[in-house]
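Notes follow once the structure below has been shown.
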Amino acid sequence: MWNTLCNMTQLVKMMIDNYNQLYNTINNIISNLPDNTNKTLKDKNIIETNFKKQKLSFNYVRFCKYLNDIHEIFPIDSILLREELYKLFISECSFIKCLSPDMLSYNIYKYPGANISLSNLHEIYCYHKIDQDFCHGLAQICRSIEKIYVKIYGEKSSGVAKLIEMQNQIKYIFIDGPLDCKEIVQALEKHVNSIIHLEMTQYTSTIHFLIPKLINLQYLKVYDNYCELKKYVVYLNHYNLRALDLCFLSSLDIAISIIKNTNGNLWRIRIDNTDNTDKAKEYNKTIHKYCPNIKYVTVFLNRDGTLKELKKIFIKCQHLVAIDINDEINTKYIDELIDLLAEFAPPTLCKIHIDNIKSYYDEQTLNYFLINWGNRILGKKTSPLYSNVYYQDFAHIYNNDFWNNYITWNYKVRTAKRVRCLVDK
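So the sequence shown is numbered by the working numbering: it starts at 40 and just counts up by one.
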């Protein structure tokens with residue numbers, strides 16, 4: 040129970056898996072509220088009139104750290120109950136690391152104990168409706184925020200900018216949407232030496248002026264929906280870059296240019312939804328020439344010469360763990376690929392993604408491959424194949440876990456169902 044309460048995400052899972060356990064847990068939490076608060080909640084018919092406080096042998100609330108899912112747990116139509124519960128957590132928790140987006144709608148920085156409980160905040164979600172006065176208030180307390188998720192539409196966000204500016208060192212940034220706020224970009228400039236992780240769902244000219252200054256950047260992910268990246272790619276020289284994710288590229292030239300301007304430290308390169316793959320051969324060649332430490336990588340086999348370059352990747356990149364074969368496979372390479380994998384793939388390779396694998400290989404061919412694969416790499420009994428469609432025991436379902444996502448964000452869209460635990464039971 041202690042470990043579960045430290046992370047509210049586990050409680051959200053309990054909503055699906057065990058309603059009664061969740062109900063009892065919430066009752067335990069409400070039993071921490073003052074008597075006069077419980078009376079008010081009963082008078083307003085927010086909790087049952089026959090609700091009785093439980094005798095607690097242990098204060099679970101005090102040890103909660105990650106509150107990012109707390110809004111999924113409590114009744115959605117009871118604002119007063121939420122406010123009282125948020126006050127409870129703020130007053131009791133001394134080491135809150137992450138807040139629920141819903142908590143940002145309340146003046147929690149004014150609650151008793153906020154100076155202590157929020158002083159160790161590690162991650163925050165700043166969205167377009169966030170109150171700027173709230174951010175100014177939080178900026179007076181927080182100094183330890185390292186991960187910030189920014190979803191701001193508009194050119195003025197002085198509170199968010201102040202909150203960013205007041206932190207000791209921002210390390211991880213997720214920018215969701217077109218960031219055109221110069222105040223925020225200017226605030227981020229204070230942290231150019233500490234930022235090591237940057238994700239953007241849209242590349243803009245405003246954010247571009249910041250990126251070349253990120254000399255210690257290790258992870259870069261860009262969704263280039265509006266083909267802006269090609270205008271600025273010449274300025275992207277990140278010698279410490281270790282992971283690169285590029286989505287919706289207008290050309291592979293962009294990826295090639297970025298890879299060439301790293302220092303051989305890239306261990307992951309993921310390319311999704313590329314419009315133009317004319318430079319597929321050159322891209323594969325760039326991998327084995329500039330990425331000796333690559334472990335996870337997207338490759339292409341849809342153009343002449345690409346299979347030859349993949350063979351060189353197998354020979355030169357001896358740390359390879361996973362290959363993602365993007366786009367269609369050239370028909371003349373279908374049979375050759377099976378033989379190439381069995382003969383030249385490094386012993387570290389254990390994941391191979393081929394979209395719609397059924398359209399390329401029948402069961403007999405895959406059985407032949409898996410037998411050779413198992414004989415070649417002793418002890419490797421599990422199929423290394425992944426596909427977007429289930430194919431009996433031959434291929435696993437391809438998903439994001441394939442890519443070893445070493446950084447995760449607590450602020451994602453949740454699909455868990457909300458429940459009314461105190462009124463309807």
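For every residue, glycine included, the Cβ atom is placed at its ideal position computed from N, Cα and C.
Fair warning: this is a prediction, and the values are worked out from it, not measured in the lab.
Item, Value
"Residue of Gln171, Leu177 and Gln431 minimising C-alpha distance to tyrosine 150", "Leu177"
"Validate contact between the stretch 338-356 and the stretch 297-307 using beta carbons, cut 8 angstroms, 3 pairs", "no"
"Extent of the continuous beta strand (DSSP E) run through lysine 390", "390-393"
"Cβ neighbour criterion (16 or more within 10 Å) applied to asparagine 42", "In this prediction, asparagine 42 has a pLDDT of 43, which is less than 50 and means its spatial position is unreliable; nothing more can be read from the coordinates."
"Residue environment, lysine 318, which counts as buried when at least 16 other CB atoms sit within 10 Å", "buried"
"Span of the beta strand (DSSP E), counted from its first residue to its last, around alanine 361", "361-365"
"Per-residue DSSP class, three states only, for isoleucine 214", "strand"
"Cβ pair count under 8 angstroms reaching 3, the stretch 127-147 against the stretch 155-170", "yes"
"Straight-line Cα distance separating glycine 413 from isoleucine 377", "13 angstroms"
"Where the beta strand (DSSP E) through valine 261 begins and ends", "258-262"
"Residue burial classification, leucine 380 (beta-carbon count within 10 angstroms, cutoff 16)", "buried"
"Neighbourhood of threonine 243 by C-beta, 8 angstroms cutoff - its chain only, sequence neighbours within 5 removed", "Pro217, Leu218, Asp219 and Glu267"
"Nearest candidate by alpha-carbon position, reference alanine 226, set His236, Gln206, Ile235 and Phe213", "Gln206"
"Leucine 80, DSSP secondary structure in three states", "helix"
"DSSP three-state assignment for lysine 186, whether helix, strand or coil", "strand"
"DSSP-derived helix/strand/coil call for histidine 277", "coil"
"Reference threonine 337; option with closest CA among Ile436, Ile147, Leu160 and Arg307", "Arg307"
"In DSSP terms, what valine 428 is bridged to", "According to DSSP, valine 428 bridges with nothing at all."
"Bridge-paired residues (DSSP) for methionine 239", "Ile214 and Val261"
"Range covered by the beta strand (DSSP E) that runs through threonine 345", "Looking at the DSSP string, threonine 345 is not in any beta strand (DSSP E); the run it does join, the alpha helix (DSSP H), is 345-355."
"contact_flag[the stretch 400-414, the stretch 326-333] where n(CB pairs < 8 angstroms) is 3 or more", "no"
"Status (buried if at least 16 other CB within 10 Å, exposed otherwise) for histidine 167", "exposed"
"Residue environment, serine 398, which counts as buried when at least 16 other CB atoms sit within 10 Å", "exposed"
"Cut-off 7 angstroms between Cβ atoms - residues of its own chain near tyrosine 145, not counting five sequence neighbours on either side", "Glu122 and Tyr125"
"Distance between isoleucine 109 and threonine 447 (C-alpha atoms, nearest Å)", "18 angstroms"
"Own chain partners of glutamate 204 with C-beta closer than 7 angstroms, once the 5 adjacent residues on each side are dropped", "Ala226 and Lys229"
"Three-state class that DSSP yields for aspartate 311 in the structure shown", "strand"
"The beta strand (DSSP E) enclosing tyrosine 166, as first and last residue numbers", "162-166"
"DSSP-derived helix/strand/coil call for leucine 305", "coil"
"Alpha-carbon to alpha-carbon, leucine 291 and cysteine 137", "38 angstroms"
"Per-residue burial, glutamate 194 [other beta carbons within 10 Å of its own, 16 or more giving buried]", "exposed"
"Check whether aspartate 215 and threonine 240 have beta carbons under 7 angstroms apart", "yes"
"Expected contact under 8 angstroms - CB spacing of lysine 81 and threonine 88 to nearest Å", "5 angstroms"
"8 angstroms Cβ shell around asparagine 444 - same chain, five flanking residues per side excluded", "none"
"Close Cβ partners of leucine 256 (< 7 angstroms) along its chain, the five nearest in sequence each way excluded", "Ile234, Ile235, Leu237, His277, Asn279 and Leu280"
"Status (buried if at least 16 other CB within 10 Å, exposed otherwise) for glutamate 382", "exposed"
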